[in-house]
Amino acid sequence: MAVIGAGAVGTALARRLVQAGYAVRAVVSRTVADAEALAEQVGGAPASDRMAAVPPEVRLVLLCVPDDAIPAVAKQLAATEHPWPQTVVAHTSGGRSASALAPLADAGAPTLSFHPLQTFARDTPPEAFDDIAIAIEGEEEALVAGRALADALGAHPVVLSTADKARYHCAAALASNGLAALMGTVQEVLSTTSLREADPTALFGPLVEHTWANVQERGAEGALTGPVARGDRDTVAAHLEALSETTPHLVPLYAALSTEMARMAVRRGSLAPDEARPLFKQLREAVQSAQGMSR
Ligand SMILES: NC(=O)c1ccc[n+]([C@@H]2O[C@H](COP(=O)([O-])OP(=O)(O)OC[C@H]3O[C@@H](n4cnc5c(N)ncnc54)[C@H](OP(=O)(O)O)[C@@H]3O)[C@@H](O)[C@H]2O)c1
């Protein structure tokens, strides 16, 4: 195999596949030093910043470059001499479909998108692939290779339609990046109180962990507690007032999340629609007033 893009995902994938018995025959990246650093970790494969460095015996090429770079890299690769019809080419983007590899498909390569549903940094250990889902999308011949590759990683493949990719990736981004951003806002609100010196992860960790355990056990709707789920409008009003005094830019986020909480509580039958209606109105008005203030 060859890895293009020696970043977070390229590094984790290459290290894991070497553990699984794959041989890395080339690492290509924009910066030669980064390609060399990865090559060293996976058996000393040739490292380069040129696509032509992919040797002809390679039968699997993994493009682990930023989403926006995929079409250009695919074009450069397709322009090299290579037996493309015998070479599976995958990219690891969650949002882009296999069609981002069109120049390689035109050259005869089976192409797929192969998205590990995990968050990676450059030092993420290969075990991060254990039991995760890998969303695969593409033509049937490429999907067969994608299933085998997911198995080799110790993960399990889930097949996505091209039309679902953006929505699927939106859900993944909310689960990971959305959660990180939410914890950032928790920290920001905390910093406006006398607990500003406290470690927010130590303070809120047990609450977050217990909530997550409840979500796992009862689902998101079943895990919902708190003033919105109880229809406690005075407490919600106090939250909105406190936020508008110190962090008014967080009012729309609080209102949007609370609106979803109220919808969930109505769906599960713990909040009557008659009780929810004034709550929705209260939250809508808070957003309008926050927007009015920011004008
Ligand atoms: N990180 C995650 O949590 C995660 C999870 C699932 C999927 N993905 C997807 O995986 C892909 C890679 O993401 P990442 O997080 O690994 O990004 P990253 O850490 O930024 O790594 C991207 C790598 O691609 C190289 N690169 C950039 N442009 C290039 C080009 N034109 N030609 C060759 N190499 C190029 C970079 O160059 P240098 O040589 O300069 O380092 C870098 O090593 C993306 O499609 C992303 O959506 C990411």
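Under our numbering, the first residue of the sequence shown carries the number 918, and numbering increases by one thereafter.
Backbone N, C-alpha and C fix where the C-beta goes; we use that ideal spot for every residue, glycine too.
Simplified DSSP assignment, three categories, for residue 945: strand
Three-pair Cβ contact test at 8 Å for the segment 1015–1035 versus the segment 1052–1071: yes
Beta-carbon spacing of residue 1074, residue 1084 below 7 Å: no
N-terminal and C-terminal residue of the alpha helix (DSSP H) that residue 1030 is part of: No alpha helix (DSSP H) contains residue 1030, which is instead part of the beta strand (DSSP E) from 1028–1033.
Counted within 10 angstroms of its Cβ, other Cβ atoms place residue 1166 as buried (16 or more) or exposed: exposed
Beta-carbon spacing of residue 933, residue 1020 below 7 Å: no
Pick from 1070, 918 and 1080 that is closest to residue 970, judged by C-alpha positions: 918
Straight-line Cα distance separating residue 1149 from residue 929: 47 Å
Pairwise C-alpha distance: residue 1204 and residue 1120: 29 Å
Residues bridged to residue 1054 (per DSSP): 1030
For residue 920, the residue or residues it bridges with in DSSP: 944 and 979
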